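Heads up: the sequence shown is residues -25 to -1, 1 to 230, going by mature numbering (1 follows the signal peptide of the UniProt record, and there is no 0). Cβ coordinates follow ideal geometry from the N, Cα and C atoms, glycine included. If you're wondering where the values come from, they're calculated on a predicted model, not measured in any experiment.
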Amino acid sequence: MTHLLRTPLFLLCCLCALISFSSGANNTVQVVTEISPPNQILINDNIGGSSTDIVRHVLSEAKVDADINIYPWARAFHLAKKQTNTLIYSMAKTPEREPLFHWLGKVAHFHLGFVSLSSSKHINIKQLDDARAYRIAAQRDDISALFFAKRGFTVLQTTDIKHSYRLLLSGKVDLIIDDPNYVDTMAQQFNLPATHLRFITTIDELSVYGYLAANKDLDATTVAKIKEAFATIEDTPWYQQKLRNPYNELKNFND
């Protein structure tokens, strides 16, 4: 009789342990991003950069285990949109994207505009439509690629920002899109003087924040914990420095 009573109890304990293990396994979230110096950089095969530092700090404060992986932006965006337990950064909030994700907190600030070779002195852009005369590269599914597509521009789409720079440097495109504060140091990554590249003008509509965002079906408890963690740092000097002045990160950049 005792044996019969103990057997169901043993099975119940095993089931509870299995449920607990399964629940614990789901506590690790997948975080996806792209290479985009200085916000997301690769240092000796480790993912770093100003935005990555913010993401790691916030997830640690929220006690959320995370596995960060780098993909081409279009792939990262697809994973974040389709896989429940997934976060993505640094993503601009657009009307099209807003209902698809939970927007957890700001991790970057961009002032994007046109970049050309300094030798391309014939390029003069006073208004947006002037750029239609030139070949432009932008990262696939990036906010800048979407911006130009919506306005009927023909844009060559690349996998990442370094690919866009390579096309510009090889003369295969006339213009790429980047933040003026990043251009000089990006030139250094290609062993070129800062004077080799020229920032022409900002595009007002592409002055945006980049966010850490989550798949819309990520569990509410995790979403709330991450938002609370952002709230604890948003007024700190450390966070403001990382958000607005990330450029020193690039000196450690390792291709």
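Integer Cβ distance of residue i from residue j, believed to fall under 8 Å
{"i": "Ile152", "j": "Ala113", "result": "5 Å"}
{"i": "Lys191", "j": "Phe52", "result": "That pair is no contact at about 13 Å."}
{"i": "Thr69", "j": "Val4", "result": "Not confirmed; about 23 Å, so no contact."}
{"i": "Lys217", "j": "Ser25", "result": "5 Å"}
{"i": "Ala120", "j": "Tyr184", "result": "Not confirmed; about 18 Å, so no contact."}
{"i": "His171", "j": "Leu79", "result": "Their Cβ separation, rounded to whole angstroms, is 38 Å, which puts His171 and Leu79 out of contact at 8 Å."}
{"i": "Ala189", "j": "Val198", "result": "6 Å"}
Which of helix, strand or coil DSSP assigns to residue i
{"i": "Gln215", "result": "helix"}
{"i": "Lys57", "result": "helix"}
{"i": "Val158", "result": "helix"}
{"i": "Ala37", "result": "coil"}
{"i": "Tyr109", "result": "coil"}
{"i": "Tyr64", "result": "strand"}
{"i": "Leu144", "result": "helix"}
{"i": "Arg173", "result": "strand"}
{"i": "Ser(-3)", "result": "Per-residue confidence for Ser(-3) stands at a pLDDT of 40, beneath the threshold of 50, marking its modelled position as unreliable; the derived number appears in the next sentence. Helix, per DSSP."}
{"i": "Asp153", "result": "strand"}
{"i": "Ser95", "result": "coil"}
{"i": "Cys205", "result": "Reading off the sequence, residue 205 comes out as Phe, not Cys. Reduced to three states, the DSSP call for Phe205 is helix."}
{"i": "Asp28", "result": "helix"}
Counterpart residues of residue i in DSSP-defined beta bridges
{"i": "Trp78", "result": "Ala188"}
{"i": "His86", "result": "Ser182"}
{"i": "Ile18", "result": "Asn21"}
{"i": "Thr133", "result": "Gln114"}
{"i": "Asn44", "result": "Val7"}
Selected residue, minimal CA-CA separation from residue i, among the options
{"i": "Lys147", "options": "Arg110, Met161, Thr197 and Leu54", "result": "Arg110"}
{"i": "residue 231", "options": "Glu36, Asp116, Ile201 and Phe128", "result": "Because the chain is modelled from -25 through 230, residue 231 falls outside the range shown and cannot be assessed."}
{"i": "Ala195", "options": "Glu9, Tyr64, Ile16 and Val39", "result": "Val39"}
{"i": "Gln132", "options": "Ser145, Asp117, Arg126 and Ser91", "result": "Asp117"}
{"i": "Thr8", "options": "Asp42, Ala169, Val130 and Glu203", "result": "Asp42"}
{"i": "Gln215", "options": "Lys81, Asn44 and Ala37", "result": "Lys81"}
{"i": "Val6", "options": "Ala37, Ala55, Asp135 and Ile29", "result": "Ala55"}
{"i": "Ser145", "options": "Lys125, Arg126, Pro155 and Leu167", "result": "Leu167"}
Under 8 Å between C-beta atoms of residue i and residue j
{"i": "Gly88", "j": "Thr160", "result": "no"}
{"i": "Ile201", "j": "Leu34", "result": "yes"}
{"i": "Trp48", "j": "Arg107", "result": "no"}
{"i": "Asn19", "j": "Ser65", "result": "no"}
{"i": "Pro155", "j": "His86", "result": "yes"}
{"i": "Ile10", "j": "Asp135", "result": "yes"}
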